[in-house]
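In this note's numbering, the protein residues as written are 2 to 149. Just so you know, even glycine gets a beta-carbon here, dropped at the ideal spot from N, CA and C.
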Amino acid sequence: MSGLPENEARRGWMGLLARAPAERLAVLMPDLPAHDLLRRPEIGAVMVRGRTGATGAPFNLGEMSVTRCSVRLEGGAVGHAHVQGRDKSHALRAAVTDALLQTEAAAGLRAAVLEPLAAEESERRALRARKAAATKVEFFTMVRGEDA
Numbered sequence: 002m003s004g005l006p007e008n009e010a011r012r013g014w015m016g017l018l019a020r021a022p023a024e025r026l027a028v029l030m031p032d033l034p035a036h037d038l039l040r041r042p043e044i045g046a047v048m049v050r051g052r053t054g055a056t057g058a059p060f061n062l063g064e065m066s067v068t069r070c071s072v073r074l075e076g077g078a079v080g081h082a083h084v085q086g087r088d089k090s091h092a093l094r095a096a097v098t099d100a101l102l103q104t105e106a107a108a109g110l111r112a113a114v115l116e117p118l119a120a121e122e123s124e125r126r127a128l129r130a131r132k133a134a135a136t137k138v139e140f141f142t143m144v145r146g147e148d149a
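Dropping the structure here:
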């Protein structure tokens with residue numbers, strides 16, 4: 002299974018780029034290098050599936066909009082992206098970033114783009130967890146009598 006760690010790393014950064022706010026990715030990657038469009042950004046829909054209790058039988062939850070894009074850089078690196086929603090520039094920027102992360106520019110991009118996005122995502126998740134924890138209700142039972 003050679004290549005497995007590379008695939009896991011790529012899966013991680015592709016997911017991070019897809020979840021990143023489009024505006025933030027545009028700030029971190031303002032200038033895109035020359036590239037050819039293999040698949041211009043196109044909008045479609047995918048069926049979202051769910052499971053009852055996360056372990057039950059799968060069922061169709063509904064559809065969501067997705068934009069996909071594929072590019073090739075001048076050096077031959079190919080990048081792909083699928084992002085939620087209808088933002089074509091987000092899909093293009095994520096695909097170019099995916100391609101760049103497969104080149105010698107990867108180390109610089111990790112520090113300049115992926116690490117800030119990961120830190121911001123972590124903070125958003127922590128904030129959401131804090132808000133949810135603030136609504137938590139603790140129940141307790143008070144026992145009366147001698148037969149406690």
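With a beta-carbon spacing of about 6 Å, residue 98 and residue 114 fall inside the 8 Å limit used to define contacts. 82 is the residue among 133, 82, 131 whose C-alpha sits nearest the C-alpha of residue 11. Across the structure, residue 38 and residue 76 are spaced so that their CA atoms are roughly 14 Å apart.
Between the stretch 27–36 and the stretch 86–95 there are three or more C-beta pairs closer than 8 Å, enough to call the two in contact.
By the neighbour-count definition (other C-beta atoms within 10 Å, threshold 16), residue 15 is a buried residue. If you draw a straight line from the Cα of residue 40 to the Cα of residue 125, it comes to about 32 Å. Measuring C-alpha to C-alpha distances from residue 65 to each of 57, 7, 140, 84 identifies 84 as the nearest.
A direct Cα-Cα distance of roughly 51 Å separates residue 68 from residue 142. The criterion of a C-beta distance shorter than 8 Å is satisfied by residue 36 and residue 73. CA-CA distance, residue 52 to residue 62, rounds to 9 Å. Collapsing the DSSP output to three states places residue 68 in a strand.
In the DSSP assignment, the residues bridged to residue 59 are 52.
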